[in-house]
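Residue numbers (this note's numbering), protein chains in the order written: chain A, 1 to 87; chain B, 1001 to 1641. Glycine included, every Cβ here is placed at the ideal spot set by N, Cα and C.
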């Protein structure tokens, strides 16, 4: 059976929708490790709460309870897939 | 954060693993993610005054305090800066780098160390990720779970025993408002950890998310559960793409205007009282040299500066309230886009804002900025921010030359000085990021804390500390400078011809006059020059110096405050000595010039070179001088007196 998943960047994620971090694109290993320590790691689920005006940062909430401001430039390096809906 | 507000905390930031620890003394390291409540636990354990706030990275240095465990064992408690990881690579100069260096050094030296990890239980899974890394250091660990009150208010229940079993270390749930109970519980857990010895080893492999899910249960009513969304509702307004930035600018303008409007009457009253004291003392002590030293030197100098203490205290309270409520992190979110245009990011926002209280802790606070180029740029522009040491001079000039304007006009002018310094700082960072600190920056990632009600005792303690530091500095530096200046004004220059007024031939006047050819285009005479020379080390000395000069120059029983003396001072031909444009030129100079030795020393400490402090002195003094000349000359062209 083949599953088709749509990868999209966090920068373009719809507000209020649950996503799961699939991978980090074009980031150095150090940066990825630090993001993981902060709470943004592969497999983590998150919701984009809002975007600041004029291309400013995104405000996201992770399933672990953390809330973060993430620069849009960085968000475009975070590939996401829609998180499975838990009934 | 006061006028001469250079943190008096025990800075051991680069001295990991203290001497005591090396001698077998127990060292307890307080570790935790930024904003986990670590500083509150430190305060509870030691009763000392660490910074307590609601913003990532507020503990800018490692504080140390002494504690006694229930077993009688004495230990040194070190409050490390917040860190997310001890394994991910981070610049050693940042907050995280400092904390990691401390732990690594303790490990390599084989120190007797217990780690107390402070964890915010409302974000337990995030905290446990760090626990997993700390377990690999093989140091004994105790988990102190803070915000028990918040957890209960939100209808959640955490089982510390289940958590301790899952992670393999003692865990205690505390409410930092209950300081005695917090201290007892944490110290008893450390004792327990020491007793367990090698048996108490944290599990190195566990899933933080699963553990968090298993040990926290929802037990609350619908009302309690609704409280979890308070932050979300408030953010809906405060972080609104349109309303948010306007609200933020409004709040900042209100804070700076309030500093002026609330504190100004208190400052005027204190100034009046000092005037009466100056006039009354000669009647009690008689007219002699000692009375002149007390009234003109000490009261005229240090006393005049004292009148501006209310402004410093109110500014400290306002910034503390913003910080501890969690709003400043929102400010960083709102300002990030603008700061990125200028080559900085939202992470630079806190140090820049702290610079409005005092540049010295603000420069230390740049350790939360991970990007080295951005950090250096922030350090280089912080001296341009309107620190509270500028307030006495601003207050003096506004009261002396704009006394006939409404308080709101003066408040607007006061706020515009803040705006001028912010614009200057932003322009400077734009230029620096395209020249001396050129390079690609790291994008923003910033944890947004939940809103919290500021703790009144913490805010008041902070205000008390600011007042104490201000009094201490006035009581030492400014009294010393005022006394020396009084002597220099009283002693005639060797070989000088006695002038009609003795002060004219004094050593100080001669030095001030020697600089006049340079400062005349800015409208500065010898008196202002002496003030500026005195203020090179600390800018608040300016007001004290002017107080001494006009105290010595005027009749001994003149009770008029310095503002009136400045306004009424006349040249030999009867025309006013100073006008509005002189006041504006002084303000322009003070907005830009880095007149603070402590700031220079802090830049040296953070950059490990004299190159950058020299650079800051050169560019800020050049800017200050040019601005003063331009303002004075342009005001003259427009017919301003």
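Checklist line | Buried/exposed call for residue 1054 of chain B, threshold 16 Cβ in 10 Å | finding: As a working note, residue 1054 of chain B is residue 54 in the second chain. Below a pLDDT of 50, predicted positions are generally treated as unreliable, and residue 1054 of chain B, at 43, falls in that range; the measurement from the model is reported next regardless. Residue 1054 of chain B counts as buried, since at least 16 other C-beta atoms from the protein chains shown sit within 10 angstroms of its C-beta.
Notebook entry, point to check: Does any residue of chain A bring its CB to less than 8 Å from the CB of residue 1336 of chain B?
Noted result: Numbered from 1 along the second chain, position 336 holds the residue referred to as residue 1336 of chain B. For residue 1336 of chain B, the answer is yes, since a Cβ of chain A falls inside 8 Å of its Cβ.
Next item on the list: Compile a chain-ordered list of the residues in the stretch 1215-1249 of chain B whose CB is closer than 9 Å to at least one CB of chain A.
Entry: Against chain A - using a Cβ distance shorter than 9 Å - the residues of the stretch 1215-1249 of chain B are 1231, 1232, 1235, 1236, 1239, 1240, 1241, 1242, 1244, 1245.
Margin query: Taking only three categories from DSSP, how would you classify residue 24 of chain A?
Written below: Counting from one through the first chain, the residue named residue 24 of chain A turns up at place 24. DSSP places residue 24 of chain A in strand when its eight states are reduced to three.
Checklist line | Distance, residue 1082 of chain B Cα to residue 1032 of chain B Cα | finding: Translated into positions along the second chain, residue 1032 of chain B becomes position 32. Translated into positions along the second chain, residue 1082 of chain B becomes position 82. Taking the straight line from one Cα to the other gives about 5 Å.
Checklist line | Counted within 10 angstroms of its Cβ, other Cβ atoms place residue 1526 of chain B as buried (16 or more) or exposed | finding: Within the second chain, the letter at position 526 stands for residue 1526 of chain B. Taking all protein chains shown into account, residue 1526 of chain B has 16 or more neighbouring C-beta atoms within 10 Å of its C-beta and is therefore buried.
Note to self: Does residue 1376 of chain B pass the burial test, meaning 16 or more other C-beta atoms within 10 Å, or should it be called exposed?
What the structure shows: Your numbering for residue 1376 of chain B matches position 376 in the second chain. When all chains shown are included, residue 1376 of chain B counts as buried.
Check: With 8 Å set as the bound, which would you pick, yes or no: does the beta-carbon of residue 1059 of chain B sit closer than that to a beta-carbon of chain A?
Finding: Residue numbering aside, residue 1059 of chain B sits at position 59 when the second chain is read from its first letter. Since pLDDT at residue 1059 of chain B reaches only 44, below the 50 mark, its modelled position is unreliable, and the value read off the structure follows with that caveat. At a cut-off of 8 Å between C-beta atoms, residue 1059 of chain B does not count as an interface residue with respect to chain A.
Check: Terminal residues of the continuous alpha helix (DSSP H) containing residue 1507 of chain B?
Finding: Taking the second chain and counting its residues from 1, the one referred to as residue 1507 of chain B is at position 507. 1507-1519 is the span of the alpha helix (DSSP H), which, as asked, contains residue 1507 of chain B.
Next item on the list: Taking residue 1113 of chain B and residue 1027 of chain B to be in contact with their CB atoms under 8 Å, please state how far apart those CB atoms are, rounded to whole angstroms.
Entry: Residue mapping note: residue 1113 of chain B aligns to position 113 of the second chain, counting from 1. Residue mapping note: residue 1027 of chain B aligns to position 27 of the second chain, counting from 1. 5 Å between Cβ atoms; contact.
Notebook entry, point to check: Taking DSSP as the reference, what is the three-state secondary structure of residue 1174 of chain B?
Noted result: Reading the second chain from its first residue, position 174 is the one you call residue 1174 of chain B. Correct three-state label for residue 1174 of chain B: coil.
Margin query: Based on DSSP bridge pairs, tell me the residues matched to residue 1079 of chain B.
Written below: Position 79 of the second chain, counted from the first residue, corresponds to residue 1079 of chain B. Its beta-bridge partners are B/1030, B/1063.
Item checked: Span separating the alpha-carbon of residue 1129 of chain B from that of residue 39 of chain A -> The sequence position of residue 1129 of chain B within the second chain is 129, counting from 1. The sequence position of residue 39 of chain A within the first chain is 39, counting from 1. Cα-Cα distance, rounded: 8 Å.
Note to self: The alpha helix (DSSP H) that contains residue 1372 of chain B, what's its start and end?
What the structure shows: The residue you call residue 1372 of chain B lines up with position 372 of the second chain. In the DSSP annotation of this structure, the continuous segment of the alpha helix (DSSP H) that includes residue 1372 of chain B starts and ends at 1372-1381.
Checklist line | Any chain B beta carbon closer than 8 Å to residue 64 of chain A | finding: Locating residue 64 of chain A in the first chain gives position 64, where the first residue counts as 1. At least one chain B Cβ lies under 8 Å of residue 64 of chain A.
Next item on the list: Can you check DSSP and say which residues form a bridge with residue 1117 of chain B?
Entry: Counting from one through the second chain, the residue named residue 1117 of chain B turns up at place 117. BP columns for residue 1117 of chain B point to B/1031, B/1143.
Check: Given 8 Å as the limit, is there contact between the stretch 1378-1392 of chain B and the stretch 1350-1357 of chain B, that is, 3 or more CB pairs closer than that?
Finding: They touch, by the three-pair rule.
Check: Should residue 1223 of chain B go down as buried or exposed, given a rule of 16 or more other Cβ atoms within 10 Å for buried?
Finding: The residue labelled residue 1223 of chain B in the question sits at position 223 within the second chain. Here residue 1223 of chain B is exposed: its Cβ has fewer than 16 other Cβ atoms, across all protein chains shown, within 10 Å.
Margin query: With the cut-off set at 8 Å, would you say residue 1413 of chain B and residue 1398 of chain B are in Cβ contact?
Written below: Mapped onto the second chain, residue 1413 of chain B falls at position 413. Mapped onto the second chain, residue 1398 of chain B falls at position 398. With respect to the 8 Å criterion, residue 1413 of chain B and residue 1398 of chain B are classified as neighbours on the basis of their beta carbons.
Checklist line | Alpha-carbon spacing of residue 1512 of chain B relative to residue 1472 of chain B, whole angstroms | finding: For the purposes of this step, residue 1512 of chain B is taken as residue 512 along the second chain, with counting starting at 1. For the purposes of this step, residue 1472 of chain B is taken as residue 472 along the second chain, with counting starting at 1. Near 28 Å, if we compare the C-alpha coordinates of residue 1472 of chain B and residue 1512 of chain B.
Notebook entry, point to check: Anyone know if the C-beta pair for residue 1548 of chain B and residue 1485 of chain B falls short of 8 Å?
Noted result: Reading the second chain from its first residue, position 548 is the one you call residue 1548 of chain B. Reading the second chain from its first residue, position 485 is the one you call residue 1485 of chain B. Yes, the Cβ-Cβ distance between residue 1548 of chain B and residue 1485 of chain B is below 8 Å.
Margin query: Quick check: is the beta carbon of residue 73 of chain A nearer than 8 Å to any beta carbon in chain D?
Written below: Of the protein chains in this structure, namely A and B, none is chain D.
Notebook entry, point to check: My guess is that residue 1642 of chain B and residue 1374 of chain B are in contact by the Cβ rule of under 8 Å, so how many angstroms apart are they, rounded?
Noted result: The structure shown does not extend to residue 1642 of chain B, since chain B is modelled only from 1001 through 1641, so no value can be given for it.
Next item on the list: Would you kindly work out how many angstroms separate the C-alpha atoms of residue 1310 of chain B and residue 1269 of chain B, rounded to a whole number?
Entry: The residue you call residue 1310 of chain B lines up with position 310 of the second chain. The residue you call residue 1269 of chain B lines up with position 269 of the second chain. Their Cα atoms are separated by approximately 11 Å.
Notebook entry, point to check: Quick one: does residue 1446 of chain B have its CB under 8 Å from some CB of chain A?
Noted result: Reading the second chain from its first residue, position 446 is the one you call residue 1446 of chain B. It does; some Cβ of chain A falls within 8 Å.
Next item on the list: For residue 15 of chain A, decide whether its Cβ has a neighbour in chain B, counting only Cβ atoms nearer than 8 Å.
Entry: Working through the first chain from its first residue, we reach residue 15 of chain A at position 15. Residue 15 of chain A does not count as touching chain B.
Next item on the list: State the Cα-Cα distance for the pair residue 1575 of chain B and residue 1510 of chain B, rounded to the nearest angstrom.
Entry: Here residue 1575 of chain B is taken as the residue at index 575 of the second chain, counted from 1. Here residue 1510 of chain B is taken as the residue at index 510 of the second chain, counted from 1. Whole-angstrom Cα-Cα distance: 23 Å.
Check: Is residue 1176 of chain B close to chain A, meaning its C-beta is less than 8 Å from at least one C-beta of that chain?
Finding: One-based indexing of the second chain puts residue 1176 of chain B at position 176. Contact of residue 1176 of chain B with chain A is not assigned, every C-beta pair being separated by 8 Å or more.
Checklist line | Assigned exposure category for residue 1149 of chain B - 16 Cβ within 10 Å defines buried | finding: Position 149 of the second chain, counting from 1, holds the residue named residue 1149 of chain B. With fewer than 16 other beta carbons inside 10 angstroms of its own, residue 1149 of chain B counts as exposed.
Next item on the list: For residue 24 of chain A, return the contacting residues in chain B, with the cut-off set at a CB-CB distance below 8 Å.
Entry: Numbered from 1 along the first chain, position 24 holds the residue referred to as residue 24 of chain A. Those do not exist, as residue 24 of chain A stays about 12 Å from chain B at its closest Cβ, beyond 8 Å.
Next item on the list: Go ahead and pull the three-state DSSP assignment for residue 1038 of chain B.
Entry: Sequence index remark: in the second chain, residue 1038 of chain B carries index 38 (1-based). In the structure shown, residue 1038 of chain B sits in a helix (DSSP, three-state: H, G or I).
Notebook entry, point to check: So, does the CB of residue 1324 of chain B fall closer than 8 Å to a CB anywhere in chain A?
Noted result: As a first step, residue 1324 of chain B is located in the second chain; it is residue number 324 there, counting from the start. So no, residue 1324 of chain B is outside the interface.
Next item on the list: Determine, using beta carbons only, whether residue 35 of chain A comes closer than 8 Å to chain B.
Entry: Your numbering for residue 35 of chain A matches position 35 in the first chain. Output row for residue 35 of chain A: interface = yes.
Check: So, is residue 1260 of chain B buried or exposed, given that buried needs 16 or more other C-beta atoms within 10 angstroms?
Finding: As a first step, residue 1260 of chain B must be located in the second chain, where it is residue number 260. By the neighbour-count definition (other C-beta atoms within 10 Å, threshold 16), residue 1260 of chain B is a buried residue.
Check: First and last residue of the alpha helix (DSSP H) that includes residue 1615 of chain B?
Finding: Taking the second chain and counting its residues from 1, one reaches residue 1615 of chain B at position 615. Note, residue 1615 of chain B: alpha helix (DSSP H), 1611-1637.
Notebook entry, point to check: If you draw a straight line from the C-alpha of residue 1012 of chain B to the C-alpha of residue 1064 of chain B, how long is it?
Noted result: For the purposes of this step, residue 1012 of chain B is identified with residue 12 of the second chain, where counting begins at 1. For the purposes of this step, residue 1064 of chain B is identified with residue 64 of the second chain, where counting begins at 1. Low local confidence applies: a pLDDT of 37 at residue 1012 of chain B is under 50, so the model's placement there is unreliable, with the coordinate-based value given in what follows. Separation of residue 1012 of chain B and residue 1064 of chain B (C-alpha to C-alpha, rounded to the nearest whole angstrom) is 8 Å.
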